[in-house]
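J.: To start, I am sharing the structure in question, which I have written as structure tokens.
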Amino acid sequence: MKNILVTGGAGFIGSNYINHILDERDDYNIINLDKLTYAGNIENLKKSESNKNYQFIKGDIGNSEFVRFIFEKYKIKHVINFAAESHVDRSILGSEIFFRTNVLGTNVLLETARRFEVERFLQISTDEVYGSLGEEGKFSEITPLSPNSPYSSSKASADMMALSFYHTYGMPVLITRCSNNYGTFQFPEKLIPLMIINALNDKKLPVYGDGLNVRDWIYVIDHNKAINLVFEKGNIGEVYNIGASREMKNIEIVKLILKHLGKSEELIQYVKDRPGHDRRYAIDSTKIQTNLGWKPSFTFEEAITKTIDWYIENKQWWERIISGEYRQYYSIQYKS
Ligand code: NAD
Ligand code: DAU
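Here the sequence shown is numbered in the numbering used here, starting from 865 and rising by one per residue.
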């Protein structure tokens, strides 16, 4: 059995990871440490809660004493760090918690993992650390880091720290950098769930700027399969980019959602742009495809349909968010 500390496992990608991997592997014992911020939701893990190889612990990755206690109690030898403040717009409104969790929290995990001589430490990072692209080119693993938002700069800091632990102490650190995910259980502050839910409620769909910013979309299950491949087979000290080569302009995504739901494009409302808004992201995933044999298994068309249908069928999941205590986290509008 591998005792794996998964942090941030009640969030969007982490909960999908746990639900997926417990179906695939009976040699993984998952200890999920999550602070349950507004973005974490224990309900995402209903499918896994009675699994004998799964345990949930509420706590902060930045609490070094508590983290040490968990490593000791569960004899942790493997770490996958999903925990983060993840929303760019929120980092623009206030950056402190981003650096506290994404940088100092990661430092606590790395220091504790070093002390307990872990065998694998996978840091879940993002393509946003590379900055923004013009109309041509893609991000490869050797693209220089050039983060533009408080969020992406906090993630880049964590990446550099993790790599420094590999170089200095020989720690078995790996990093994945993925493009924009979509799928079940994504908090409706992010583009796709926000637009689906607004459209379902006949509310305006706020498109930042000219709507022509490009993101490279991947289904969360494909991301998680790639994560596990890197976790199992990746070379320590290395970075792996993950992406499904599906670039879309934001306005194309918004129109596609409206069309799928049979709603009018009159719901689209162009609003003030995100400050410092990155224009285009695109991932070159040749390395993980060539070295580890990964490739995405879902087409964009089938996975976006599954995703939209999930939000239609799981109204009780998102209704609690948009009308409950987390209402304030739902949609950010920059002042003109
Ligand atoms: P999310 O915001 O949905 O979930 C984050 C989770 O971390 C939540 O469950 C939250 O409660 C938990 N958390 C936050 N602070 C914590 C702390 N101090 N201690 C313990 N738990 C804490 O995020 P997500 O979209 O699932 O992203 C997961 C990871 O993947 C992040 O590291 C993010 O940077 C990275 N990533 C996300 C995307 C994307 O498109 N969403 C793409 C590439 C990489
Ligand atoms: O690329 C990976 C990153 O993708 C992850 O590291 C981040 O955690 C994740 O949040 C995501 O960042 P983005 O900023 O690209 O995602 P978001 O869904 O916030 O926005 C996608 C695009 O849509 C972006 O160009 C801004 C635009 N947008 C977003 C919202 C929320 C709008 O036009 N209107 C909106 O209301």
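All C-beta atoms in this analysis are idealised placements derived from N, C-alpha and C, irrespective of residue type, glycine included.
These figures come from a predicted structure and were not determined experimentally.
Once you ignore the five residues that flank N1088 on each side, which residues in its own chain have a CB closer than 8 Å to its CB?
T.: Looking up residue 1088 in the sequence shown gives position 224. Correct list, in chain order: I877, N880, Y881, H884, I885.
J.: For the alpha helix (DSSP H) that S1017 lies in, which residues bound it at each end?
T.: Walking along the sequence shown from the start, residue 1017 turns up at place 153. Segment 1014-1033, the alpha helix (DSSP H) holding S1017.
J.: Taking the alpha helix (DSSP H) that H884 falls in, what are its first and last residues?
T.: Numbered from its first residue, the sequence shown carries residue 884 at position 20. Per DSSP, H884 belongs to the alpha helix (DSSP H) from 876-888.
J.: How should Q1211 be labelled, buried or exposed, when 16 other C-beta atoms within 10 angstroms of its C-beta is the threshold for buried?
T.: Past the boundaries of the shown model lies residue 1211; the chain is included only from 865 to 1200, so the question cannot be answered.
J.: To the nearest angstrom, how far is the alpha carbon of R1079 from that of F962?
T.: Counted from its first residue, the sequence shown places residue 1079 at position 215. Counted from its first residue, the sequence shown places residue 962 at position 98. C-alpha separation (whole angstroms): 22 Å.
J.: Along the chain, where does the alpha helix (DSSP H) containing D891 start, and where does it finish?
T.: Within the sequence shown, numbered from 1, the residue matching residue 891 stands at position 27. Element bounds for D891: n/a, residue is neither H nor E.
J.: Taking the CB atoms as reference points, tell me whether S955 and S1013 lie closer together than 7 Å.
T.: Counting from 1 along the sequence shown, the entry for residue 955 is found at position 91. Counting from 1 along the sequence shown, the entry for residue 1013 is found at position 149. Yes.
J.: When DSSP labels each residue in this structure, what does K1201 get in the three-state scheme?
T.: Past the edges of the chain, shown from 865 to 1200, lies residue 1201, and the structure says nothing about it.
J.: Closest to E960 by C-alpha separation, out of Y1194, E1005, S1017, E975, would be which residue?
T.: For this step, residue 960 is matched to residue 96 along the sequence shown. Here the closest residue by C-alpha is S1017.
J.: At what residue ranges does the segment 929-1003 contain a whole run of the beta strand (DSSP E), taking only runs of 3 or more?
T.: Listed in chain order, they are 942-945, 984-990.
J.: Kindly indicate which residue of A1063, M1112, L1038, R1138 has the alpha-carbon position closest to the one of N1092.
T.: In the sequence shown, residue 1092 corresponds to position 228, counting from 1. Answer by Cα proximity: L1038.
J.: Just checking N1044 against the ligand NAD - is the residue's beta carbon closer than 6 Å to any of the ligand's heavy atoms?
T.: Taking the sequence shown and counting its residues from 1, one reaches residue 1044 at position 180. Yes, the ligand NAD has a heavy atom inside 6 Å of this Cβ.
J.: Just to confirm, are G1107 and S1149 a CB contact at a threshold of 7 Å?
T.: Position 243 of the sequence shown holds residue 1107. Position 285 of the sequence shown holds residue 1149. For G1107 and S1149, yes; Cβs fall inside 7 Å.
J.: Verify whether the separation of the beta carbon atoms of V993 and I944 is less than 7 Å.
T.: Reading the sequence shown from its first residue, position 129 is the one you call residue 993. Reading the sequence shown from its first residue, position 80 is the one you call residue 944. Contact flag unset, no.
J.: Could you check whether the Cβ of T901 sits closer than 6 Å to any heavy atom belonging to the ligand NAD?
T.: Sequence index remark: in the sequence shown, residue 901 carries index 37 (1-based). True, at least one ligand heavy atom lies under 6 Å from that Cβ.
J.: What does a CB cutoff of less than 6 Å around A1167 pick up in its chain, not counting 5 residues either side in sequence?
T.: Taking the sequence shown and counting its residues from 1, one reaches residue 1167 at position 303. Excluding residues within five positions, the ones whose Cβ falls inside 6 Å are Y1083.
J.: Taking 6 Å as the limit between beta carbons, can you name the residues of its chain near Y1134, skipping five residues before and five after?
T.: By one-based count along the sequence shown, residue 1134 stands at place 270. If we look at Y1134 and ignore the five residues flanking it on each side, its Cβ neighbours are V1071.
J.: Roughly how many whole angstroms lie between the Cα atoms of L1120 and A1020?
T.: As a first step, residue 1120 is located in the sequence shown; it is residue number 256 there, counting from the start. As a first step, residue 1020 is located in the sequence shown; it is residue number 156 there, counting from the start. L1120 and A1020: Cα-Cα distance of roughly 32 Å.
J.: Would N917 and N893 be called neighbours here (beta carbons separated by less than 7 Å)?
T.: For the purposes of this step, residue 917 is taken as the residue at position 53 of the sequence shown. For the purposes of this step, residue 893 is taken as the residue at position 29 of the sequence shown. Yes; because the gap between Cβ atoms is below 7 Å, this pair is in contact.
J.: For L1076, is the classification buried or exposed, using 16 other Cβ atoms within 10 angstroms of its Cβ as the cut-off for buried?
T.: Locating residue 1076 in the sequence shown gives position 212, counting from the first residue. That one is exposed.
J.: Counting pairs of beta carbons, one from the segment 932-944 and one from the segment 903-912, are three or more of them closer than 8 Å?
T.: With a cut-off of 8 Å, the segment 903-912 and the segment 932-944 do not count as touching, because too few Cβ pairs lie within range.
J.: Tell me whether K939, by its Cβ, gets closer than 6 Å to a heavy atom of the ligand DAU.
T.: Taking the sequence shown and counting its residues from 1, the one referred to as residue 939 is at position 75. Result no, Cβ not under 6 Å from the ligand DAU.
J.: Looking at I988: is its Cβ nearer than 7 Å to the Cβ of F946?
T.: Position 124 of the sequence shown, counting from 1, holds the residue named residue 988. Position 82 of the sequence shown, counting from 1, holds the residue named residue 946. A contact, by the Cβ cut-off of 7 Å.
J.: Do F1049 and A903 have their CB atoms nearer than 7 Å?
T.: If you number the sequence shown from 1, residue 1049 lands on position 185. If you number the sequence shown from 1, residue 903 lands on position 39. No, Cβ-Cβ distance for F1049 and A903 is not below 7 Å.
J.: Please classify E1053 as buried or exposed, where buried requires at least 16 neighbouring CB atoms within 10 angstroms.
T.: If you number the sequence shown from 1, residue 1053 lands on position 189. Buried.
J.: By DSSP's criteria, R1144 is part of a beta bridge. Which residues make up the other side?
T.: The residue labelled residue 1144 in the question sits at position 280 within the sequence shown. According to DSSP, R1144 bridges with V1078.
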